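Participant: First, the structure itself, so that you have it in front of you.
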Amino acid sequence: MTDLVLSQLTDLFRFGLIIALVVTMQRTAAVTGRVLPLAMGVVFVAVMIPATMPSGSVSMTHAILAGLVSNAIILMPVLAGAWLIARLRR
Numbered sequence: 002m003t004d005l006v007l008s009q010l011t012d013l014f015r016f017g018l019i020i021a022l023v024v025t026m027q028r029t030a031a032v033t034g035r036v037l038p039l040a041m042g043v044v045f046v047a048v049m050i051p052a053t054m055p056s057g058s059v060s061m062t063h064a065i066l067a068g069l070v071s072n073a074i075i076l077m078p079v080l081a082g083a084w085l086i087a088r089l090r091r
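Heads up, the sequence shown is in the numbering used here, so the first residue is 2 and it goes up one at a time.
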């Protein structure tokens, strides 16, 4: 499981989707809020990537669970960077 999480942490497509998720969340925060769109987006990315690009060596359940962990790990510095950029713009 650790190998799977580490391999997902190096996936540039996953990074791009999480960055796009944070940018979209910031633009729509007044209407949709922040927490629910982020949580649903993290789950969506965790399910979408293994569903569209299956790996024969790992079960779908393990890939999704590892995706949730890696997405949460990726989301933390992306949110910190977005917060820092917002602070510097003021």
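All residues carry an ideal CB built from backbone N, CA and C; glycine is no exception. Please read these numbers as outputs of a predicted model, since none were measured by experiment.
1) Using only the alpha-carbon positions, how far apart do L39 and V59 sit?
2) Nearest by alpha-carbon distance to V23: which of A52, A64, L80 and A87 is it?
3) What would DSSP say about D12, mapped onto helix, strand or coil?
4) Give the straight-line distance between the Cα atoms of R91 and M61, rounded to the nearest whole angstrom.
5) What does the alpha-carbon distance come out to for the pair I50 and R15?
Facilitator: Checking against the coordinates, here is how it stands:
1) Within the sequence shown, numbered from 1, the residue matching residue 39 stands at position 38. Within the sequence shown, numbered from 1, the residue matching residue 59 stands at position 58. If you take the alpha carbons of L39 and V59, they lie about 26 Å apart.
2) Walking along the sequence shown from the start, residue 23 turns up at place 22. Ranking A52, A64, L80 and A87 by Cα distance to V23 puts L80 first.
3) The residue labelled residue 12 in the question sits at position 11 within the sequence shown. In the structure shown, D12 sits in coil (DSSP, three-state: anything other than H, G, I, E or B).
4) What you label residue 91 is simply residue 90 of the sequence shown in a count that begins at 1. What you label residue 61 is simply residue 60 of the sequence shown in a count that begins at 1. Between R91 and M61, the C-alpha separation is close to 44 Å.
5) In the sequence shown, residue 50 corresponds to position 49, counting from 1. In the sequence shown, residue 15 corresponds to position 14, counting from 1. Those two C-alpha atoms are separated by around 8 Å.
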